[in-house]
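Structure first, commentary second.
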Amino acid sequence: MAIDTNQLLKQMVTAASAAFKNKWPDVEEYATSELTKIAEDIAFIEAQSLAGKMTPEQAKLQLHLQTNASKIVLLAAHGMTILAVEAAINAALNVIKEAVNTALGFAIL
Amino acid sequence: MITTITTRHSIVPQRARFFVLLFTLFLSACTTVTLIAPYDEALDVGITELQKSTETFLIQLEHTGRPPGPTLTKEEQDFLDKTSVAITSLQIRADAHPKNEITAQQLAILKDSFSTLGELLKAGAPKDQIQLIRNAFNASTGAILKLELAKKRGEK
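These protein sequence lines map, in sequence, to chains A and B.
Under numbering that gives the first Met the number 0, the first sequence has 10 at position 11, and the numbering climbs by one with no breaks.
Under numbering that gives the first Met the number 0, the second sequence has 97 at position 98, and the numbering climbs by one with no breaks.
Here it is in structure tokens:
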């Protein structure tokens, strides 16, 4: 039975969005775009395999490359959510800094 | 008695001043929080070079395809050896930065992908399947670069 690329992508995106929780919107565009390409390649591997144009060994190794690529993409997305949290914390600290400096009338922080 | 009260009253403001000073020092130290390693230009350049050398290798492979065979050719082995050295060097550099575990993990996976490429070459890689390999490596190196560039944190 042939893989439905859209269904595969939907499953990948649903799993990723659940894992990223409320940080998903920060990386949704990038992750979805990359996962779309990977889902298409996985479907192509399956089609080639079913058509007898790719041996089981080649298909296994090609799938491994695609799986690794998706891991690296999701790790990048994870890193970007951490950077977003860092930016939010620093923005809040800057507000405190400005409030303290304004209250004191000079730049202490 | 009066002396004692004066002493007690003078101690409290001193303590308060001490805590205000301590709080101020704490805030000064915390005005910038860093949760992930800084941008590393050498890693940026190293990954870009790796992407170029991989693309060069794949373009050459695309001309003829690669029939199955139990051993790698000298050119294939040279390419994989050089790539392994380059990634190990980048891994050592990434490990030297604290809070850089994500990049280190990405590089470890990328190294595994090149090892898989070696196996795939032996299993055979027809011309029309090279694009799949290219897509996987471009997505991988692109993602490592994307995170590294994001570490610039808005700097130009």
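Yeah, the Cβ is synthetic: ideal placement off N, Cα and C, and Gly gets one too.
Cβ of T47 of chain B versus every heavy atom of the ligand GTP: is any distance shorter than 7 Å? Looking for the ligand GTP in the displayed structure turns up nothing, as the structure carries no ligands at all.
At least three beta-carbon pairs within less than 8 Å, the stretch 33–40 of chain B to the stretch 94–105 of chain B: In short, these stretches touch, since the Cβ pair count reaches three.
With 8 Å set as the bound, which would you pick, yes or no: does the beta-carbon of N67 of chain A sit closer than that to a beta-carbon of chain B? Between N67 of chain A and chain B, the shortest Cβ-Cβ separation is below 8 Å.
Less than 7 Å between C-beta atoms, sequence neighbours within five positions excluded: which residues of the same chain meet that for S69 of chain A? Closer than 7 Å at the Cβ level, and outside the excluded window around S69 of chain A, lie L34 and I37.
Please state the DSSP three-state secondary structure of K110 of chain B. K110 of chain B falls in the helix class under three-state DSSP.
Since A75 of chain A contacts L146 of chain B with CB under 8 Å, what's their CB separation in whole angstroms? Confirmed, Cβ separation roughly 4 Å.
Closer than 9 Å by beta-carbon distance: list the chain B residues that pair up with I54 of chain A, in chain order. A small fix is needed here, since residue 54 of chain A is Thr in this sequence, not Ile. Using a Cβ-Cβ cut-off of 9 Å, T54 of chain A is close to P67, A122 and G123 of chain B, given in chain order.
First and last residue of the uninterrupted alpha helix (DSSP H) at V84 of chain A: Per DSSP, V84 of chain A belongs to the alpha helix (DSSP H) from P55 to L103.
Does the Cβ-Cβ distance between I71 of chain A and L109 of chain B come in under 8 Å? In this structure, L109 of chain B lies closer than 8 Å to I71 of chain A by Cβ.
Is E40 of chain B close to chain A, meaning its C-beta is less than 8 Å from at least one C-beta of that chain? False, the Cβ-Cβ gap to chain A never drops below 8 Å.
Check for me: the alpha helix (DSSP H) holding D176 of chain B runs from which residue to which? For chain B, the structure presents residues 0 to 155; residue 176 of chain B sits outside this window and is missing.
With a threshold of 8 Å between beta-carbons, can L7 of chain A be considered close to chain B, or not? False, the Cβ-Cβ gap to chain B never drops below 8 Å.
Note down the Cα distance separating A98 of chain A from F17 of chain B, rounded to an integer number of angstroms. Going from the Cα of A98 of chain A to the Cα of F17 of chain B covers about 20 Å.
Which residues in the same chain have their Cβ closer than 8 Å to the Cβ of T87 of chain B, if we skip the five residues on either side of it in sequence? These residues qualify, in order along the chain: K110.
Using C-beta distances below 6 Å, list every residue in its chain close to F78 of chain B, excluding the 5 sequence neighbours before and after it, in chain order. Here the set comprises F56.
Pick helix, strand or coil for R65 of chain B, following the three-state DSSP scheme. It is a strand residue.
From what residue to what residue does the alpha helix (DSSP H) around I129 of chain B run? Following the DSSP letters along the chain, one finds I129 of chain B inside the alpha helix (DSSP H) bounded by residues I129 to A149.
For Q57 of chain A, which residues in chain B fall below 9 Å Cβ to Cβ? Correct list: P67, L119, A122, G123, A124, P125 and Q128.
For the stretch 51–63 of chain B, which residues have a beta carbon sitting closer than 9 Å to at least one beta carbon of chain A? None of the residues of the stretch 51–63 of chain B has a beta carbon lying less than 9 Å from any beta carbon of chain A.
Going by beta carbon distance, what residues of the same chain come within less than 7 Å of M11 of chain A, once the five residues before and after it are set aside? Leaving aside the five residues that flank M11 of chain A on each side, the residues in its chain whose CB is nearer than 7 Å to its CB run, in chain order, L34 and A38.
Might you give, ordered along the chain, the residues of its own chain that have their beta carbon closer than 8 Å to the beta carbon of I46 of chain B, omitting 5 neighbours on each side? L89, T140, I143, L144 and E147, listed in sequence order.
Kindly indicate the opening and closing residues of the alpha helix (DSSP H) around D40 of chain A. Looking at the DSSP string, the run of the alpha helix (DSSP H) that includes D40 of chain A is W23 to L49.
Return yes when the Cβ of E118 of chain B is within less than 8 Å of the Cβ of L82 of chain A, no when it is not. Cβ atoms of L82 of chain A and E118 of chain B: not closer than 8 Å.
Which chain B residues sit within Cβ distance under 9 Å of A12 of chain A? The residue asked about is misnamed: residue 12 of chain A is Val in this sequence, not Ala. Listed by position along chain B, the residues whose Cβ is nearer than 9 Å to that of V12 of chain A form an empty set, because the closest Cβ is around 16 Å away.
S112 of chain B: buried (16+ other C-beta within 10 angstroms of its C-beta) or exposed? Buried: at least 16 other Cβ atoms inside 10 Å.
Please report how far the alpha carbon of Q76 of chain B lies from the alpha carbon of A138 of chain B, in whole angstroms. The straight-line gap separating the alpha-carbon atoms of Q76 of chain B and A138 of chain B is approximately 23 Å.
For the alpha helix (DSSP H) containing L34 of chain B, list its first residue and its last residue. Careful: L34 of chain B lies outside any alpha helix (DSSP H) and carries neither H nor E.
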